[in-house]
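Student: As they're listed, the protein sequences go chains A and B.
Numbering-wise, the first sequence is residues 1 to 291 according to the working numbering.
Numbering-wise, the second sequence is residues 1 to 761 according to the working numbering.
Don't be surprised by glycine CBs; every beta carbon is placed ideally from N, CA and C.
Dumping the structure here so I can ask a few things about it.
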Amino acid sequence: MNAFDYAAPRSVDEAISLLDAENGDVGILAGGTDLIAQLKEGGRKIDLLLDLKRIPEATALTFDEAGLHIGAATSCAQIYTFDVVQSLYPALVDCTSLIGSIQIQNRGSMGGNFCNASPAADTPPSVIVQGGACRIVGPNGAREVVAEDFFVGPGQSALQPGELLIAIRIPPPVANSGAFFLRFIPRNEMDIAVANAAASVVLDADKTTILSARIAIGAVAPTPLLVADAGAALAGKAVDDEDALEAACAASRAAANPISDMRGTIEQRVHLSGVLTGRAIRGAIQRAKES
Amino acid sequence: MATKTEDYLGITDYKVIGTRPIRHDGVDKVVGRAKYGADIDMAGMLHGAVARSPHAHARIKSLDTRKAEALPGVKAVIAVADLPLQEDKIEELGEGAANLQHLRANVLADGKVLYHGHAIAAVAATDVHTAQEAVDLIEIEYEVLQPVLTVREAMQADAPLLLEDLTTQSLGEDSEKKSNVCTHFRHELGDIEKGFAEADLVIEREFFTATVHQGYIEPQNATALWGADGQITVWCSTQGAFDVRAQTAQILEVPVSQVKVVPMEIGGGFGGKIRIYLEPLAAILSKKTGRPVKMVMSRTEVLQATGPTAGSVIRCKMGVDKAGNLIAAQADMRYESGSFPGSWAAPGAMCIFAPYNIPHVLIDGYEVLVNKPWTMAYRAPGATNAAFASETLIDELCEQLGVDPLAFRLKNSAKEGTRRADGPVYPRIGHEQCVETARDSEHYATQFNGKNRGRGVASGFWFNVGLKSSAAASVNPDGTVSLVEGSTDIGGTRTSIAMQLAEVLGIGAEEVKPQVVDTDSVGETDVTGGSRTTFATGWAAYQCALDIKAQMIERAAKLWEIAVDDVVFEDGYFSSSDASKTISFKELAGRLDETGGPLMGRATVNPPGVGGAFAVMIADVEVDTDTGKVEILRVSMIQDAGKAIHPSYVEGQMQGGTAQGIGWALNEEYAYNADGLLTNASLLDYRMPTCLDLPMIETHIVEVPNPGHPYGVRGVGEVPIVPPVAAVANAIYDAIGVRLTILPMSPGEILKALWTKNGTT
Chain A
1 MNAFDYAAPR
11 SVDEAISLLD
21 AENGDVGILA
31 GGTDLIAQLK
41 EGGRKIDLLL
51 DLKRIPEATA
61 LTFDEAGLHI
71 GAATSCAQIY
81 TFDVVQSLYP
91 ALVDCTSLIG
101 SIQIQNRGSM
111 GGNFCNASPA
121 ADTPPSVIVQ
131 GGACRIVGPN
141 GAREVVAEDF
151 FVGPGQSALQ
161 PGELLIAIRI
171 PPPVANSGAF
181 FLRFIPRNEM
191 DIAVANAAAS
201 VVLDADKTTI
211 LSARIAIGAV
221 APTPLLVADA
231 GAALAGKAVD
241 DEDALEAACA
251 ASRAAANPIS
261 DMRGTIEQRV
271 HLSGVLTGRA
281 IRGAIQRAKE
291 S
Chain B
1 MATKTEDYLG
11 ITDYKVIGTR
21 PIRHDGVDKV
31 VGRAKYGADI
41 DMAGMLHGAV
51 ARSPHAHARI
61 KSLDTRKAEA
71 LPGVKAVIAV
81 ADLPLQEDKI
91 EELGEGAANL
101 QHLRANVLAD
111 GKVLYHGHAI
121 AAVAATDVHT
131 AQEAVDLIEI
141 EYEVLQPVLT
151 VREAMQADAP
161 LLLEDLTTQS
171 LGEDSEKKSN
181 VCTHFRHELG
191 DIEKGFAEAD
201 LVIEREFFTA
211 TVHQGYIEPQ
221 NATALWGADG
231 QITVWCSTQG
241 AFDVRAQTAQ
251 ILEVPVSQVK
261 VVPMEIGGGF
271 GGKIRIYLEP
281 LAAILSKKTG
291 RPVKMVMSRT
301 EVLQATGPTA
311 GSVIRCKMGV
321 DKAGNLIAAQ
331 ADMRYESGSF
341 PGSWAAPGAM
351 CIFAPYNIPH
361 VLIDGYEVLV
371 NKPWTMAYRA
381 PGATNAAFAS
391 ETLIDELCEQ
401 LGVDPLAFRL
411 KNSAKEGTRR
421 ADGPVYPRIG
431 HEQCVETARD
441 SEHYATQFNG
451 KNRGRGVASG
461 FWFNVGLKSS
471 AAASVNPDGT
481 VSLVEGSTDI
491 GGTRTSIAMQ
501 LAEVLGIGAE
511 EVKPQVVDTD
521 SVGETDVTGG
531 SRTTFATGWA
541 AYQCALDIKA
551 QMIERAAKLW
561 EIAVDDVVFE
571 DGYFSSSDAS
581 KTISFKELAG
591 RLDETGGPLM
601 GRATVNPPGV
611 GGAFAVMIAD
621 VEVDTDTGKV
631 EILRVSMIQD
641 AGKAIHPSYV
651 EGQMQGGTAQ
661 GIGWALNEEY
671 AYNADGLLTN
681 ASLLDYRMPT
691 CLDLPMIETH
701 IVEVPNPGHP
711 YGVRGVGEVP
721 IVPPVAAVAN
731 AIYDAIGVRL
741 TILPMSPGEI
751 LKALWTKNGT
761 T
C-alpha cells in the first residue's frame, strides 16, 4: 500500500472541490469494504482518500412523500434495520442483509456497491426494479440518472471526472405492489453472486392480475440488466399464469450475456438467470398479495 | 476387548484418560494472550516481502534489483544466488521427503519459475509497505513457456518438461527416461486377471479430483535473527520445529546446532506447515542486515505458493461375485506432484482398498509434475482422493447387487490378519466395529425420504505414523509436574499428552503443566502430523511418568529406609507392607529435598506399533435440481479412536475432518486459467464451507484398542477426512440418480450431470 492523503469534507461543495484533478487519483471512502481491500492488495493506488461520512447528505437515511433517500455512505446494516425499509422496501432488506458478514454490513454501503460497479453487485437489481435513481453531484451541479443507466461496464459507472454519487432515491411503493431479490451462491454466506435477480410487480385491486412488472438480473452481463422483455411478458397476465412466468424467465435467459470464470460458466449463468427470475417473480407476487 | 498385549496394558478403570478436562492453553487463547508468529515484534526489526512469479512456467532471463535496493528504507535484497548450492540429497520431512536441490529451488526459483507465485527474490525494509514497494521495483525478464496443468497433459510424450533433468523412477529403478513422471510404483496381491475372471459383476470408472488447499487460517510466517555469533533463531508457525531446524540448517549449510527454532502457537496446519518457505529468506536477510527480519505471507501468497494437496486422476475397477464377495480391485492412480517430485499417490495407494479383504489387487501409482505449487500433505494425504474412487464403486456394486451398503462393507471388511495390497498384515483393527456402529445408529435407522433427497455412506482408512518423540518432566514441590515436549499443539495435544502422564502418577490433568518448547529445550520430536502426536508423544509422556514413578519409589524407600522392592505405588499413594508407611504423591513431592534433591523424568520413543484407523460416514443431502446446489442436512462420523484420551478433542477432530471433507466434496478447488494463473487465490473465491453450510456433525467414537500402545491409542486426526467426499457423492446419487466422478461436485458440475442425464442443455 502506498502513502496517500486523507480528507473528510463537511459538505458536498467541499467534497467536489477536493475531487479536482490536481489532487491526483482520489479514492472515495464510504464503507471502504471494496476500496481498502483494493488499496491493501495493491490493486489500486491513490493520492487522496476522500471520506464521505462527514457529509450530512451522504449519511442521511430518510423517507418522505418523494420516497426513500439513501445517502451514499449509509451502511447496509443501517438500511436493513430502518423500519421504513423493513415495511415498505423488503427487497432492499433481501440484498443489503446478505452482502458479506455482519461486520461488512456494518461498514459497506449501497453507494459504494454502486460505484464499485461490479457486474455481480447485489444491491443494484433491487433498486432498478423499484424505479430507483442515482443522485450525482459535480462541478456543474446535481443530476439524476435512473439506476439501470448508472452502470456502464465492469467497474465503470456513469460518473464523470469530478463527480460523485451522493445518494440513491427510490420512489414510494404503489398500492398492491411487491418486490423481491435473491442471488445464487454455492455457499450459504460470504460469497459473490454467480447470478442474481430482482423482480417487482404491481397487481390489480383484487390481486389476481399483474398490471406491470420490472425484472433485473445481475452477474450475467458486464452490468446489471433491466430485462424489459421479462416485465412485458408478465404485464396483463394472471398471477398464476405459468406460461407468462416461463416467458419472463426465457426473456432473462435471452438477455443474459455472461462470461465463464471461476465463479460459474456461461451455460450455468444463463440457466440461473431463468431460474432466479422465476423465483424472484414468485417472491414479488407473494409480497404484493400480502401488501 | 481389553486383551492385554505386549504394549497394550488392558486397563479398564482409568482415572484421567477418557475424561474431558479444560485445555491448558484455553485461557491464553480465549483472551488473546497466546503468541502467534505474526505477533512478534522486536527492537530494530525489519519486515520482509517476496517477489513472486506472474507466470506459471517461464525461464528467468534477467533479474535486476538495483531500483529496489535504491529505495529509501530498503536494507537488503536477495535472490537464489544468496542460497548455498545443494547436493542431490533427500531429506526426511516427517510426513514426506524432499530433495534439497528442489527445496532450495522452491524457496527461491533457480533459473526457472514453475508456478504462479513462485518466489524469486526477497526484500527486507524498515516497514512492510516499503518492502512491498521494493518488490514491485525488482525488474525481471521472462521467457514465458507453455504451462502444463493436468496430469494428462504432463504425461504426453511431447509435453514441455518442468525439470529438464528429471527421469522417471519406475518400479524402483531409474528408467533414465526424461519425463514429467517422477515415479511409477506398483502393489500386487493375488492374480488380478484371475480375480476379474472370477467376478460376476465388474464396474470401472475414472475419477478426477481438484487441487485443494488445507485452508489453515493462520498464514505462514517466519522471523529470524542471525546473531553476530553465528547463532540463528527462527520463530515460526510450524507443525514440526525440529523439521524446520533440519531443513533450514541444510538450506543455509550450517550445523543444526547453529539453528534454534521457536515454535509459536499455530493457527492450523493440516499437513501444510511442515516444509519451509520463508525461514531461510528471513535468516539470510537477517545475516545481511544484522537485524531481526519478520516475514508474514498474505492469504494470496499462501494459496499461490505454499503446498496445496494433489489433484488426481484415478481409474478404478472392482469386481464381486454373485454372493457379494469382493474378488478383485484395480486402481491406476495418477497424482499431481506440483512443481517438484514428492506426491501423495503412495499413501493414497496404501489406503484405497484398505477397509476390505480382497484376494486380488493391482495398484499402479504415478506422481506427475505440473505447473502448480509443490504439493504438500493434507490430512490423510492422498486417501480422500482414493476413497472417492473406491467407495463410489462400492456403492454402485451394492446398488446393482441390491444389498445394503453397510451390510456389504461388513461382509467384506478387513480384519485382524487381513493382508493389505501394499504388504502389511493387520493387527487388531476396528473397521467392522465402525460399520456395525453406523448400522446400529439412530441416524441410519431413521428413514430419510423426499424428492431430491438421498443418503450415502462411505468408509475410510488412514494408516497413521509413529516416529520420534521426546518428553521431560520435573516434579514440583507442590506435587504438580511441569512437562516439556516438542510437539506443536494443534488439536489439544498439550492436554491429551499431559493426561497420559497424569494417569500414571495418579494426579489430575490440571496438576500437569505442559509446555511446547524450542529445539534447544527438549529432545528431538518429529512433526505433529500422521495423527501421531497423542499416540507417540503421549507414549513419551507415559514413559516419562514411569521414569518419575520409579524415582519417586526410590525416594519413598529412602524416606522410609526400606527396600525399593517394598514400595508400592497405587492410586496416587506410595505404601509399603508396613501399613503405617503411606504417603501421597503430593506429600512426597514436598519432601524431595530431604531425599536427594530435584527429580526429573525423561523419555524418548520411536514406537513401531502404530494402529491404523478406520471411519465410516453417513450423509443425508438434498439437491436443488434447478441450481445444482447440495445442502448437507445431516451427517454422522463414526471412527475408531482405539482409546479416546480426551473425547472432546477426538470429537473435534472428527468434526473438523468431516467439515473439510465436505468442503472438498462440494466447492473447494484451485481454479487455473489457460495460462496457468490461479484465479481464486482468496478465501472469498476458494470456497471453504462456512458454519451455515454444515449441520451439527454427529460423532460416534468406537474404541477398539490399538495393541501397539499402552492405552490402546490410535491416531485420530486424519481419517475423518477420508470418507466424506465419497459419502456425499453416494448421497447425491441416491438423491438425483447421477454419479458424480469429478471433484468438486459444485453446482455447475451437478447441473451439467443433470443436463447430460436428461438429454437437455
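#1: State buried or exposed for B:Met499, treating a residue as buried only when at least 16 other CB atoms are found within 10 Å of its CB.
#2: Rounded to the nearest angstrom, what separates A:His271 and B:Lys288 at their Cα positions?
#3: If you drop the 5 nearest sequence neighbours on each side, which residues of the same chain put their C-beta closer than 7 Å to that of B:Pro647?
#4: Could you please tell me which residues of the region 625-640 of chain B, in chain order, have their CB closer than 7 Å to any CB of chain A?
#5: What residue from B:Ala134, B:Lys294, B:His187 and B:Ala579 has the CA that sits closest to B:Gly44's CA?
#6: Shorter than 8 Å from the beta carbon of A:Met110 to some beta carbon of chain B?
#7: Output needed in chain order: residues of the region 264-278 of chain A with a Cβ under 8 Å from some Cβ in chain B.
#8: Taking the alpha-carbon positions, what's the B:Tyr36 to B:Asp28 distance?
#9: Shortest alpha-carbon distance to A:Arg287 belongs to which of A:Tyr89, A:Ala142, A:Gln268 and A:Gly153?
#10: Measuring alpha carbon to alpha carbon, tell me which of B:Leu71, B:Met617, B:Asp174 and B:Glu485 ends up nearest B:Val135.
#11: Quick check on the DSSP output: the beta strand (DSSP E) that includes B:Met770 runs from which residue to which?
#12: Where B:Ile742 and B:Thr183 are concerned, what is the direct C-alpha to C-alpha distance, given to the nearest angstrom?
#13: Which stretch, first to last residue, makes up the alpha helix (DSSP H) that contains B:Glu253?
#14: Which residue marks the beginning of the alpha helix (DSSP H) containing B:Lys89, and which one marks its end?
#15: With distances taken Cα to Cα, identify the nearest neighbour of B:Glu391 among B:Arg419, B:Ala421, B:Ser521 and B:Cys316.
#16: Can you tell me which of the three DSSP states A:Phe150 falls into?
#17: Would you mind sorting B:Gly597 into buried or exposed? The rule is 16 or more other CB atoms within 10 Å of its CB.
#18: Return the residue from the list B:Gln400, B:Ser53 and B:Tyr216 that minimises the CA-CA distance to B:Glu143.
#19: Along chain A, which residues have their Cβ under 7 Å away from the Cβ of B:Leu751?
#20: When the distance is taken between beta carbons, is B:Val261 closer than 8 Å to B:Cys236?
#21: Chain A beta carbons: is any one of them nearer than 8 Å to that of B:Thr488?
#22: From which residue to which residue does the alpha helix (DSSP H) around A:Arg282 run?
#23: Should A:Pro258 be flagged as near chain B, meaning a C-beta pair shorter than 8 Å?
#24: Between B:Pro84 and B:Asp165, what straight-line distance do the alpha-carbon atoms span, to the nearest angstrom?
#25: So within the region 649-704 of chain B, which uninterrupted beta strand (DSSP E) runs reach at least 3 residues, ignoring any that extend past its ends?
#26: Whose C-beta lies closer than 8 Å to the C-beta of A:Lys289 among residues of the same chain, with five residues either side of it excluded?
#27: As an exercise, report each continuous beta strand (DSSP E) stretch of at least 3 residues that is fully enclosed by the region 415-485 of chain B, in chain order.
#28: Are any of the Cβ atoms in chain B nearer than 8 Å to that of A:Ile102?
#29: Would you identify the three-state DSSP class for A:Val137, choosing helix, strand or coil?
#30: Return yes when the Cβ of B:Thr528 is within less than 8 Å of the Cβ of B:Gln239, no when it is not.
#31: In whole angstroms, give me the CA-to-CA distance for B:Thr519 and B:Thr625.
#32: Going by beta carbon distance, what residues of the same chain come within less than 7 Å of B:Thr437, once the five residues before and after it are set aside?
#33: Using beta carbons (cut-off 8 Å, strictly below), is B:Ala119 in contact with chain A?
#34: Measuring CB atoms only, is the region 149-161 of chain B touching the region 126-141 of chain B, in the sense that at least three cross pairs come out at less than 8 Å?
#35: By DSSP, does B:Asp844 sit in helix, in strand, or in coil?
#36: Contact criterion: CB-CB distance below 8 Å. Does B:Thr126 meet it with respect to chain A?
Tutor: Result, derived from the coordinates:
#1: buried
#2: Rounded to whole angstroms, the separation of the alpha carbons of B:Lys288 and A:His271 is 58 Å.
#3: Gly18, Arg20 and Ile701
#4: Asp626, Thr627 and Lys629
#5: B:Lys294
#6: no
#7: Gly264, Thr265, Glu267, Gln268, His271, Leu272 and Val275
#8: 11 Å
#9: Considering only alpha carbons, the answer is A:Tyr89.
#10: B:Leu71
#11: Residue 770 of chain B is absent from the structure shown; chain B starts at 1 and stops at 761.
#12: 24 Å
#13: Note, B:Glu253: premise wrong, no alpha helix (DSSP H); not H, not E.
#14: From DSSP, B:Lys89 is part of no alpha helix (DSSP H); its letter is neither H nor E.
#15: Nearest C-alpha to B:Glu391: B:Cys316.
#16: Secondary structure of A:Phe150 (DSSP, three-state): helix.
#17: exposed
#18: In terms of Cα proximity to B:Glu143, the closest of B:Gln400, B:Ser53 and B:Tyr216 is B:Ser53.
#19: Gln268 and His271
#20: yes
#21: Answer no: the Cβ-Cβ gap between B:Thr488 and chain A never drops below 8 Å.
#22: Taken as a continuous stretch (DSSP letters only), the alpha helix (DSSP H) holding A:Arg282 covers Ile266 to Glu290.
#23: no
#24: 20 Å
#25: 697-702
#26: Gly178, Leu203, Lys207 and Val239
#27: Listed in chain order, they are 453-462, 469-475 and 481-485.
#28: no
#29: Of the three classes helix, strand and coil, the one that applies to A:Val137 here is strand, per DSSP.
#30: yes
#31: Roughly 55 Å between the two C-alpha positions.
#32: Ile638, His700 and Val702
#33: no
#34: The region 149-161 of chain B vs the region 126-141 of chain B: no contact.
#35: The shown model of chain B, from 1 to 761, leaves out residue 844 of chain B, and the question about it has no answer.
#36: no
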